[in-house]
Amino acid sequence: HTAVTSCKDALENHLHVIVGTLIPLVDGHMEVQEQVLDLLKYLVIDNKDNENLYMTIKLLDPFPDHDVFKDLRITQQKIKYSKGPFSLLEEINHFLSVSVYDALPLTRLEGLKDLRRQLAQHKDQMVDLMRAS
């Protein structure tokens with residue numbers, strides 16, 4: 001709680017790494033899983049209206065498509081698409097906007113899976129993008 005209120009800039013800059021580090025810990029012991037999920041929910045769901053974290057949450061890769069992450073995934077997607085659905089080009093740019101240096105393999109994998117799904121769903125837009133280039 002103190003970090004969210006006192007170290008806003010630092011948390012903003014490192015939220016992607018913090019979330020990416022915590023996600024694999026959910027597969028651990030039940031006791032650890034509960035603590036990690038509580039922390040993730042605090043950072044993402046409880047602080048979704050925090051003006052300092054809003055844009056950072058918007059840029060997070062999607063949470064894994066597992067039941068334990070359902071609420072986190074829904075909250076992050078609501079923030080990401082708060083101004084309406086993205087075009088395919090916006091989805092690609094969103095995926096590329098995350099700094100490679102800050103990225104962790106598991107979170108990038110979820111982002112890549114989501115981008116692949118978007119590419120499959122929007123083949124018509126892909127054709128238009130190819131024609132435009």
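Numbered continuously in our numbering, the sequence shown closes out at residue 133. C-beta atoms are modelled at their ideal positions from N, C-alpha and C, and glycine is treated no differently.
Query	Result
Please name the residue in G84, I79 and S97 whose C-alpha comes closest to that of K48.	I79
What are the boundary residues of the alpha helix (DSSP H) that includes D71?	K70 to K80
With a floor of 4 residues, list each alpha helix (DSSP H) that falls wholly inside the segment 32-68, ordered by position along the chain.	51-59
Determine, using beta-carbon pairs with one atom in the segment 37-44 and one in the segment 10-27, whether at least three such pairs fall under 8 Å.	yes
Count the other CB atoms within 10 Å of the CB of L60; is the residue buried (16 or more) or exposed (fewer)?	buried
Whole angstroms are fine: how far does the CA of S82 sit from the CA of H66?	23 Å
Can you tell me whether V127 is buried or exposed? The criterion is at least 16 other CB atoms within 10 Å of its CB, across all chains shown.	exposed
How is the alpha helix (DSSP H) around L88 delimited, first residue to last?	L88 to L96
If you follow the alpha helix (DSSP H) that L25 is in, where does it begin and where does it stop?	Note, L25: premise wrong, no alpha helix (DSSP H); not H, not E.
Kindly indicate which three-state DSSP category K123 falls into: helix, strand or coil?	helix
Are L11 and L53 touching if we call contact CB-CB under 8 Å?	yes
Is G111 helix, strand or coil when you go by DSSP?	helix
Helix, strand or coil, according to DSSP, for H16 in the structure here?	helix
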